[in-house]
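Chains as they are written, first to last, in this note's numbering: chain A, 1 to 221; chain B, 1 to 120; chain C, 1 to 91.
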Amino acid sequence: MPHDDHDHDHEHVHHEGMSPSGHPYRADQDEPLTYWQTMEIAVRELLEEKGIFSAAEIATAIGRMDARSPADGARVVAKAWTDPAFKARLMADGSAAAAELGCAIDALKLVVVENTADTHNVIVCTLCSCYPRNLLGLPPDWYKNRAYRSRVVKEPRSVLAEFGLALPDSIRVRVHDSTADMRYIVLPARPAGTEGWSEERLAALVTRDSMIGVGLPHAAA
Amino acid sequence: MSKQSETDLRYHDMGGLPAGPVERSEHDYALWEKRVDALMVLSTSRGLFTVDGLRRAIEDMGPDAYETRSYYERWIYAVNRNLIEAGAYTPDELAARMEAVAARGADYATCSRAAEPSDA
Amino acid sequence: MPEITVRVKTWPSHGLHVRTPRYLRGKRGVIERELGRFPNPEQLAYGLPAPERKLVRVRFTMAEVWGAGAENPDDTLDAEIYEHWLEADEG
Chain A
1 MPHDDHDHDH EHVHHEGMSP SGHPYRADQD EPLTYWQTME IAVRELLEEK
51 GIFSAAEIAT AIGRMDARSP ADGARVVAKA WTDPAFKARL MADGSAAAAE
101 LGCAIDALKL VVVENTADTH NVIVCTLCSC YPRNLLGLPP DWYKNRAYRS
151 RVVKEPRSVL AEFGLALPDS IRVRVHDSTA DMRYIVLPAR PAGTEGWSEE
201 RLAALVTRDS MIGVGLPHAA A
Chain B
1 MSKQSETDLR YHDMGGLPAG PVERSEHDYA LWEKRVDALM VLSTSRGLFT
51 VDGLRRAIED MGPDAYETRS YYERWIYAVN RNLIEAGAYT PDELAARMEA
101 VAARGADYAT CSRAAEPSDA
Chain C
1 MPEITVRVKT WPSHGLHVRT PRYLRGKRGV IERELGRFPN PEQLAYGLPA
51 PERKLVRVRF TMAEVWGAGA ENPDDTLDAE IYEHWLEADE G
């Protein structure tokens with residue numbers, strides 16, 4: 001059929017070039033159709049036709065996915081830095097506290113682990129790719145790949161050093177393997193020199209990697 | 001204990017195994033990948049299967065699939081397998097629809113248009 | 001509350017879906033916190049009824065998990081383990 005005949009304009013929004021986050025898009029629309037893409041289309045159409053869910057519900061689910069980003073986690077972190085009562089609730093029940101800020105964790109439980117002067121936390125899922133996607137969006141490739149999953153439980157300091165984070169022996173490293181129904185997020189230490197900053201200004205310092213534990217927040221400018 | 005290792009080969013279970021440097025690659029997900037993710041989210045919300053069913057099917061693909069198939073390629077394999085097991089549709093329905101989809105054109109955008117009556 | 005020491009069972013997976021990583025089997029740790037009860041994933045994986053099982057977070061030292069190969073023996077590893085994979089530590 002003629003290529004200009006279809007009405008799926010949204011499929012071409014990401015047609016070429018770099019994404020807003022500066023990463024290349026994976027080849028998709030203009031490469032030859034793959035076996036697995038064919039399966040995705042067929043499965044989706046069968047489920048829609050059988051009334052299990054609608055095309056609109058698929059679009060809504062993708063919209064929800066796209067709306068989530070590390071900015072959500074950063075809001076939670078900044079709130080915890082400025083509001084001791086919120087922080088206490090967050091440490092006691094991460095899911096409930098995140099929900100106060102409009103971040104639903106669904107059926108899973110959020111466990112918040114706090115970095116302090118003598119403790120650094122880092123998160124992994126050695127068995128698959130469990131990730132706090134409700135607070136950070138979809139995971140980066142490296143989080144799902146063999147090298148990170150295999151090594152960070154055995155040699156976390158070497159892995160963190162590869163990320164540019166060299167920790168002294170005086171800091172204890174705690175690795176958290178997401179093996180079951182919990183999801184984890186690191187509460188990084190608040191950067192020095194940010195006394196009196198607003199939540200919004202603080203949130204801008206919070207990086208995704210600092211909430212996974214492979215980085216630190218930006219320093220106060 | 002070699003007897004144990006033979007009954008314990010689960011390739012995904014890789015904590016502590018030797019591996020090279022972490023390649024900090026990232027990519028933004030393609031539309032078809034997000035759709036696979038959405039199929040998973042909606043199927044589990046409808047109670048058709050669980051994330052554990054997804055993981056089990058991926059694990060059963062074996063080591064070769066882990067090295068040669070992309071993340072969402074493994075997912076759509078596992079989503080489809082669980083949906084078949086749940087009776088959401090039948091293997092012949094899947095085969096016929098995949099044949100029809102592939103006959104629509106050469107690329108994803110063309111073939112993923114909504115099915116029209118002429119496809120039925 | 002006194003620390004409760006547990007040991008992860010050495011069961012193999014028998015090629016089935018389990019959520020207890022191989023690298024922790026047979027290792028001793030302390031219960032870091034109790035998490036409540038969750039449907040058993042080993043049943044859910046096969047579409048079967050899944051009675052709830054107690055889930056706890058166990059904290060292991062790197063020295064316990066990796067022995068002399070530990071990068072820093074005092075660093076720790078926490079993981080969620082279902083009760084049927086744990087046994088009381090007999091020392």
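All residues carry an ideal CB built from backbone N, CA and C; glycine is no exception.
Within 10 angstroms of the Cβ of residue i, are there 16 or more other Cβ atoms? Answer buried if so, exposed if not.
| i | result |
| --- | --- |
| T10/C | exposed |
| R157/A | buried |
| Y35/A | exposed |
| A64/A | In the sequence as presented, Ala is not what sits at residue 64/A; that position holds Arg. So R64/A ends up on the exposed side. |
| T90/B | exposed |
| P21/B | exposed |
| L47/A | buried |
| G102/A | exposed |
| G47/B | exposed |
| E73/B | buried |
| H176/A | buried |
| K50/A | exposed |
| A203/A | buried |
Return the residue from the list the options that minimises the CA-CA distance to residue i.
| i | options | result |
| --- | --- | --- |
| D92/B | D177/A, L205/A, R146/A, V43/A | V43/A |
| L138/A | A80/A, R208/A, L47/A | R208/A |
| R56/B | R46/B, A38/B, V79/B | V79/B |
| D78/C | N72/C, Y46/C, G29/C, V6/C | G29/C |
| R68/A | L135/A, G51/A, N145/A | L135/A |
| V18/C | A147/A, I171/A, T126/A | T126/A |
| T82/A | Q37/A, V173/A, E200/A | E200/A |
| A192/A | S170/A, D169/A, L216/A, R174/A | L216/A |
Starting from residue i, follow its DSSP beta bridges and name the residues at the other end.
| i | result |
| --- | --- |
| E114/A | L187/A |
| K109/A | M182/A |
| F38/C | R53/C |
| R102/C | A question about residue 102/C goes unanswered here, because the residues of chain C that appear run from 1 up to 91. |
| N121/A | R174/A |
| I81/C | V56/C |
Name the chain C residues that come within less than 7 Å of residue i, Cβ to Cβ?
| i | result |
| --- | --- |
| H176/A | D78 |
| D52/B | H17, P41, L44, A45 |
| D13/B | P21, R22 |
Report the neighbours of residue i on chain A: residues whose CB is nearer than 8 Å to its CB, in chain order.
| i | result |
| --- | --- |
| P21/B | A147, E162 |
| N80/B | M39, V43 |
| E87/C | Here the premise fails: no neighbours, minimum Cβ distance about 17 Å. |
Just the chain A side, please: which residues come within less than 7 Å of residue i by C-beta, in chain order?
| i | result |
| --- | --- |
| M98/B | T38, M39, A42 |
| G16/B | S150, V153, K154 |
| A103/B | Correct list: empty, because the minimum Cβ distance to chain A is about 10 Å. |
Determine the chain A residues that contact residue i at a beta-carbon separation under 9 Å, and present them in chain order.
| i | result |
| --- | --- |
| A106/B | P32, L33 |
| L65/B | The residue asked about is misnamed: residue 65/B is Ala in this sequence, not Leu. Within 9 Å Cβ-Cβ: nothing; A65/B doesn't reach chain A, min ~11 Å. |
What in chain C is Cβ-close to residue i, meaning under 8 Å?
| i | result |
| --- | --- |
| R208/A | Under the 8 Å cutoff, chain C gives no residues; its nearest Cβ is about 21 Å from R208/A. |
Closer than 7 Å to a non-hydrogen atom of the ligand SAM - does that hold for the CB of residue i?
| i | result |
| --- | --- |
| A161/A | Summarising the ligand content, the structure contains no ligands, and the ligand SAM is consequently not present. |
For residue i, return the contacting residues in chain B, with the cut-off set at a CB-CB distance below 7 Å.
| i | result |
| --- | --- |
| L138/A | Y29 |
Task: Chain-ordered residues of the region 42-60 of chain C with a beta carbon less than 9 Å from chain B - done: E42, Q43, L44, A45, Y46, G47, A50
Open item on the list: Taking beta-carbon pairs under 7 Å, can you tell me which members of the region 19-44 of chain C lie near chain B?
Closed with: P21, R22, Y23, P41, L44
- [ ] Could you please tell me which residues of the region 77-103 of chain A, in chain order, have their CB closer than 8 Å to any CB of chain B?
- [x] none
Open item on the list: Can you pull out the residues from the region 172-203 of chain A whose beta carbon lies closer than 7 Å to at least one beta carbon of chain C?
Closed with: R172, V173, R174, V175, H176, D177, T179, A180, D181, M182
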